[in-house]
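The structure appears below as structure tokens.
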Amino acid sequence: MATLHLLSQSPFMGKHLSNCLLCSGSCDAILFMGDASYALQLGTVFWDMLCQLEDVKLFVLSEDLVARGLSLHSDQVGIIDYEGFVDLCVQYSKTCSWF
Amino acid sequence: MKAKSSLIICNLAPWSGSFAREVLDLALAGAAFDLPIGLFFLDDAVWQLVSNQQSKAIEQKDLCANLKALPLFGIESLYVSKDSLKQRNIQETDLIFPVELVGDCQLVQLFNRYDVVINL
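Chains as they are written, first to last, in the working numbering: chain A, 49 to 147; chain B, 102 to 221.
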């Protein structure tokens, strides 16, 4: 019963990311959308925490990375488009939106 | 009567609603009336100044082009929180224009330089 977590809040602005991590079990996935993609910036406390996760899959919406001028420095995060987003929603038995 | 100087503070990210654009419009409106304006970017607002942003990817107008035009409209006092940049691992060289970096211990002095502070 794996869950897909959807994050859109900037990690610098509130607790959505930390709450999401508390609720993420093995085989779950987290999709970073909108301002949540700032959590993937290399050298921040958030990325330092995320790159340690071993059993939670990480994804980001490509348009949000590009719009913000962010680049990923790791293969750990899957970059997907909206079609990929739909595929993920179908693949996971539950979605949890942290809005 | 001497015009009052205003420091406008932004603390939200560029693509979180229309906030960033509204702050810019406010600053430009003030400049149009020859009011001395300073703009202070704090917390996630520092993301507005990062180069390589491609707003077309999310179907938005290019905010950076408007920000870069600020000096043309007489707004040259642009301040950025040093601490906010550091937390986000953003280097000064990653920014679209030169700014005055302000440390946390200099914030009170910054506020004292202006007659009015606007925090939207």
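No residue lacks a Cβ here, since even glycine has one placed at the ideal position from N, Cα and C.
For residue i, list the residues DSSP reports as bridge partners.
i, result
"tyrosine 86 of chain A", "For tyrosine 86 of chain A, which the question treats as bridged, DSSP gives no partner whatsoever."
"cysteine 111 of chain B", "B/Phe142"
"leucine 164 of chain B", "In the DSSP output, where bridge partners are listed per residue, leucine 164 of chain B has none listed."
"histidine 53 of chain A", "A/Ile78 and A/Cys144"
"leucine 179 of chain B", "B/Leu140"
"lysine 169 of chain B", "DSSP lists no partner for lysine 169 of chain B."
For residue i versus residue j, is the C-beta distance shorter than 8 Å?
i, j, result
"phenylalanine 147 of chain A", "serine 66 of chain A", "no"
"alanine 115 of chain A", "leucine 98 of chain A", "no"
"serine 182 of chain B", "phenylalanine 142 of chain B", "yes"
"leucine 54 of chain A", "threonine 143 of chain A", "yes"
"phenylalanine 107 of chain A", "glycine 126 of chain A", "yes"
Looking at the ligand GTP, does it come within less than 7 Å of residue i, judged from the CB to the closest heavy atom?
i, result
"isoleucine 110 of chain B", "As far as ligands go, the structure on display features none, and thus does not contain the ligand GTP."
Alpha carbon to alpha carbon, what distance is there between residue j and residue i?
i, j, result
"glycine 131 of chain B", "proline 137 of chain B", "8 Å"
"threonine 194 of chain B", "glutamine 210 of chain B", "25 Å"
"methionine 61 of chain A", "leucine 52 of chain A", "22 Å"
"tryptophan 148 of chain B", "serine 107 of chain B", "22 Å"
"leucine 208 of chain B", "alanine 146 of chain B", "16 Å"
"aspartate 216 of chain B", "serine 72 of chain A", "49 Å"
"leucine 179 of chain B", "arginine 189 of chain B", "19 Å"
By the 10 Å Cβ neighbour count, where 16 or more other Cβ atoms means buried, how is residue i classified, buried or exposed?
i, result
"aspartate 112 of chain A", "buried"
"asparagine 112 of chain B", "buried"
"cysteine 75 of chain A", "exposed"
"proline 199 of chain B", "exposed"
"glutamine 139 of chain A", "exposed"
"threonine 92 of chain A", "buried"
"alanine 166 of chain B", "exposed"
"glutamate 170 of chain B", "The displayed chain sequence assigns alanine, not glutamate, to residue 170 of chain B. Per the 10 Å Cβ criterion, exposed."
"alanine 104 of chain B", "exposed"
Check your understanding: Does the region 117 to 134 of chain B come close enough to the region 163 to 180 of chain B to have 3 or more Cβ pairs within less than 8 Å?
Key -> yes
Practice item. Pair every Cβ in the region 112 to 130 of chain B with every Cβ in the region 123 to 131 of chain A, then say whether three or more of these pairs are closer than 8 Å. Key: no
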